[in-house]
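In my numbering, the protein residues as written are 1035 to 1398. We put the CB at the ideal spot given by N, CA and C, even for glycine.
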Ligand SMILES: *Cc1c(COP(=O)(O)O)cnc(C)c1O
């Protein structure tokens, strides 16, 4: 046997996965007390190719570079989509993923919109958990920390003509992470750039959405803001997202958030918070919210909270909104506000400190 050995997956579980283990773990390089987002990548990655009209046998292999031709169509025409999800280590040592099949469904939705093949359910339900298990030593145990999981799929046809690719690669790698945003955010609502238009791809996690947001985000940072509050593309009137997070506001005690569709991503965190709010008996509204309504509510003392929600940060409070040259300070947040309660609940759930009444945690 060579040092890197192929073990067939049947030896471990009844499905077909090839596993090639890293010769040596890199975990000794990790400072678990200083986990900047994406600073370290775990020992292994999952790779599955789509060709000849079907998905090929998935492989778990050492994380590392992969040779690709400069002609691959993802680089030129942007057929590239991704997901973001997390694994947690509970107090009792159990490992669990937060609603992983929601990510599978959304990735299939993104794939469909981008003319890419659907992803087999088993890649998310069987193979991805294997990857997490294989690198379980990389799951941080400190409160607020987790193993961030990044599935990505991209077009690999080596033909430079504009066409929907016939071949694709699906890759999953993981990275131990601490808290994403530790401080409340200053956000800029601006009327120059848009993120997504009706009928476009804003409702997918397609790479191009993020590429198009880089320059506006950098400009906002240069002006002292942490995030952009994206307004709708038609009228620059309705709030849609906060950077790469869904946005929520509480006005007169009503949790309000823009509806999802082709301009707003159907976030798993958003969905979970709405469910929690309803469960707790809080009034909830999914409807268009204009930036004017938010500012007016603030001026009339009717605005209680504004926050962004997403897997990376879970809940990020917004303490200031810049709009039309004015910086509006938002109300102080207390531990009794909905965003704080929801954030605590999700934390307790993820670290196994509270009963999983919705069945959101999937054990690995
Ligand atoms: C990923 C993402 C979100 C949050 O979705 P989650 O499933 O909660 O992580 C929101 N908006 C955009 C634009 C995103 O890319």
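Assigned with DSSP and collapsed to three states, residue 1338 falls in strand. 1217 is the residue among 1398, 1217 and 1256 whose C-alpha sits nearest the C-alpha of residue 1342.
Distances taken from the Cβ of residue 1109 to the heavy atoms of ligand 1 include none shorter than 7 Å. Looking at 1314, 1229, 1270 and 1201, the one whose alpha-carbon comes closest to that of residue 1251 is 1229.
Straight-line spacing of the CA atoms in residue 1391 and residue 1198 works out to 43 Å. Residues of the same chain with a CB within less than 6 Å of the CB of residue 1090, apart from the 5 flanking positions on each side, are 1083 in chain order. The C-beta distance from residue 1346 to residue 1118 rounds to 6 Å, short enough to meet the 8 Å contact threshold. About 7 Å separates the Cβ atoms of residue 1166 and residue 1181, confirming a contact at the 8 Å cut-off. Annotation for residue 1301: 1280, 1343 and 1344 place their beta carbon closer than 7 Å to its own, counting only its chain and skipping 5 residues before and after.
Bridge partners of residue 1396 according to DSSP: 1131. Look at residue 1343: its beta carbon is less than 7 Å from one of the heavy atoms in ligand 1.
Approximately 7 Å separates the beta-carbon atoms of residue 1121 and residue 1398; this is inside 8 Å, confirming the contact.
The region 1280-1328 contains, as complete beta strand (DSSP E) runs of 3+ residues, the segments 1288-1291 and 1318-1320 (chain order).
Linking residue 1330 to residue 1360 through their CA atoms gives a straight-line distance of about 13 Å. Assignment of beta-bridge partners to residue 1351 by DSSP yields 1341. Within the region 1137-1213, the runs of alpha helix (DSSP H) that reach at least 4 residues and sit entirely inside it are, in chain order, 1162-1168. For the pair residue 1273 and residue 1323, the CB atoms are nearer than the 8 Å cut-off. C-alpha of residue 1053 to C-alpha of residue 1093: approximately 6 Å in a straight line. Beta-bridge pairing by DSSP links residue 1361 to 1356. Annotated as distal: residue 1340 and residue 1325, with beta-carbon spacing of 8 Å or more. Residue 1184 has its Cβ no nearer than 7 Å to any heavy atom of ligand 1. Between the region 1102-1109 and the region 1132-1142, the count of Cβ pairs shorter than 8 Å is below three; the stretches do not touch. Cβ-Cβ separation between residue 1208 and residue 1123: approximately 13 Å, too far for a contact (criterion under 8 Å).
Taking the Cβ of residue 1225 as the reference point, every heavy atom of ligand 1 lies at 7 Å or farther away. Residue 1320 has its Cβ no nearer than 7 Å to any heavy atom of ligand 1. Proximity of the region 1291-1311 to the region 1370-1389 meets the contact definition, three or more beta-carbon pairs being nearer than 8 Å.
Between residue 1307 and residue 1239 the beta-carbon gap is near 19 Å, outside 8 Å, which marks them as no contact. Listed in chain order, the non-local C-beta contacts of residue 1332 below 7 Å within the same chain comprise 1362 and 1364, local neighbours out to five positions each way being set aside.
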